[in-house]
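K.L.:
Here it is, the structure, as structure tokens.
Residue numbers (this note's numbering): 469 to 679.
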């Protein structure tokens, strides 16, 4: 079972991403959709490689590094697809600098400490994931209640998944659907909420307003 959820999510993300790029009304929104799609698809794709493939020890270590790095790319890509299109220029620039800077710092930390305890693994992800706290008023104003709620619940479910990964609980059916699968399920649900937000809220706003 491990890796299958992300395998399906990888394919669906790519297909949905193609739709988003086509649907995006102008050049820069299309670029944002490409970055968003590559980030999220990269996360699911690298996880699929890690969990579904049979690798030598050396190859497994390399793919594990890729897998852990792509989580940061998914976070930064999601911020790019969501916030970069609806926030005012100054807020947008600050947010993107923080999230992409945090993502690259996080990648450096992970690559330098691959055997870190689980709490140290999840902390940088959660920190970068919630870097937009300062932009929440602007995001609420731009996205409205529905869009903001989708974003908030997506962030909370991503965070819940990180806690499950760190604590290894709940672990309902260890041989079939254990804590790691619960963690993967949380990432899929959270990514789906953000995907709905981007496709149903953000792009229609961009089509009718010039942010």
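Glycine is no exception: its CB is placed at the ideal position from the N, C-alpha and C atoms.
Values in this document were obtained by computation on a predicted structure and should not be read as measured data.
1) Measure how close the beta-carbons of residue 626 and residue 655 come, nearest whole angstrom, since I'm counting them as under 8 angstroms.
2) Any idea which residues DSSP pairs residue 645 with across the strands?
3) Give me the residue from 645, 634, 470 and 541 with the minimum Cα distance to residue 586.
4) Grouping DSSP H, G and I as helix and E and B as strand, with all else coil, what is residue 557?
5) Taking residue 548 as the reference, which of 517, 574, 498 and 512 has the closest Cα?
6) Does the region 538 to 553 touch the region 508 to 517, meaning 3 or more C-beta pairs lie closer than 8 angstroms?
7) What are the boundary residues of the alpha helix (DSSP H) that includes residue 480?
8) Alpha carbon to alpha carbon, how far is residue 477 from residue 533? Give it in angstroms, no decimals.
9) Would you check if the distance between the CB atom of residue 488 and the CB atom of residue 555 is smaller than 8 angstroms?
10) Assign residue 602 to buried or exposed, taking buried as 16 or more other Cβ atoms, counted over all protein chains shown, within 10 Å of its Cβ.
11) If you draw a straight line from the C-alpha of residue 485 to the C-alpha of residue 502, how long is it?
12) Does the beta-carbon of residue 672 have 16 or more other beta-carbons within 10 angstroms, so that it is buried, or is it exposed?
13) At 4 residues or longer, what runs of the alpha helix (DSSP H) sit wholly inside the region 577 to 620?
14) In three-state terms, what does DSSP make of residue 537?
15) Please identify the residue among 475, 580, 483 and 500 whose C-alpha is closest to the C-alpha of residue 519.
16) For residue 592, which residues in the same chain have their Cβ closer than 6 angstroms to its Cβ, ignoring the five residues on either side in sequence?
17) With a Cβ-Cβ cutoff of 8 angstroms, do residue 651 and residue 546 count as a contact?
18) Using a 10 Å radius around the Cβ and a threshold of 16 neighbouring Cβ atoms, would you call residue 590 buried or exposed?
19) Would residue 609 be called buried (16 or more neighbouring beta carbons within 10 Å of its own) or exposed?
20) How about residue 563 and residue 600: are their beta carbons less than 8 angstroms apart?
21) To the nearest angstrom, how far is it from the Cα of residue 645 to the Cα of residue 622?
P.N.:
So, from the data block:
1) On the chain shown, residue 626 is found 158 positions in, with the first residue counted as 1. On the chain shown, residue 655 is found 187 positions in, with the first residue counted as 1. 7 angstroms between Cβ atoms; contact.
2) On the chain shown, residue 645 is found 177 positions in, with the first residue counted as 1. Residue pairing from DSSP places residue 645 in a beta bridge opposite 641.
3) Within the chain shown, numbered from 1, the residue matching residue 586 stands at position 118. Looking at the Cα atoms, 634 is the closest of the given residues.
4) Walking along the chain shown from the start, residue 557 turns up at place 89. It is helical.
5) Taking the chain shown and counting its residues from 1, the one referred to as residue 548 is at position 80. Cα-wise, what sits closest to residue 548 is 498.
6) Contact between the region 508 to 517 and the region 538 to 553 is present, because at least three Cβ pairs lie under 8 angstroms.
7) Locating residue 480 in the chain shown gives position 12, counting from the first residue. It spans 472 to 491 - the alpha helix (DSSP H) in which residue 480 sits, taken as one unbroken run.
8) In the chain shown, residue 533 corresponds to position 65, counting from 1. In the chain shown, residue 477 corresponds to position 9, counting from 1. Counting only the Cα atoms, residue 477 lies some 20 angstroms from residue 533.
9) Looking up residue 488 in the chain shown gives position 20. Looking up residue 555 in the chain shown gives position 87. Not in contact: residue 488 and residue 555 (Cβ atoms no closer than 8 angstroms).
10) In the chain shown, residue 602 corresponds to position 134, counting from 1. Looking at its Cβ environment, which holds fewer than 16 other Cβ atoms inside 10 Å, residue 602 is exposed.
11) As a first step, residue 485 is located in the chain shown; it is residue number 17 there, counting from the start. As a first step, residue 502 is located in the chain shown; it is residue number 34 there, counting from the start. Distance from the CA atom of residue 485 to the CA atom of residue 502, rounded to whole angstroms, is 7 angstroms.
12) The sequence position of residue 672 within the chain shown is 204, counting from 1. Under this definition residue 672 is an exposed residue.
13) Those alpha helix (DSSP H) runs which fall completely within the region 577 to 620 and span 4+ residues are 586 to 597.
14) On the chain shown, residue 537 is found 69 positions in, with the first residue counted as 1. In the three-state reduction of the DSSP assignment, residue 537 falls in the helix class, which pools H, G and I.
15) By 1-based counting over the chain shown, the position of residue 519 is 51. Closest by alpha carbon: 475.
16) Taking the chain shown and counting its residues from 1, one reaches residue 592 at position 124. So the qualifying residues of the chain are 574 and 577.
17) As a working mapping, residue 651 is identified with position 183 in the chain shown. As a working mapping, residue 546 is identified with position 78 in the chain shown. Contact: no.
18) One-based indexing of the chain shown puts residue 590 at position 122. Classification for residue 590: buried.
19) The count along the chain shown starts at 1 and reaches residue 609 at position 141. Within 10 angstroms of the beta-carbon of residue 609 lie fewer than 16 other beta-carbons, which makes it exposed.
20) Walking along the chain shown from the start, residue 563 turns up at place 95. Walking along the chain shown from the start, residue 600 turns up at place 132. It is a contact, given that the beta carbons lie within the stated cut-off.
21) On the chain shown, position 177 is the one that residue 645 refers to. On the chain shown, position 154 is the one that residue 622 refers to. Their backbone Cα atoms lie some 22 angstroms apart in a straight line.
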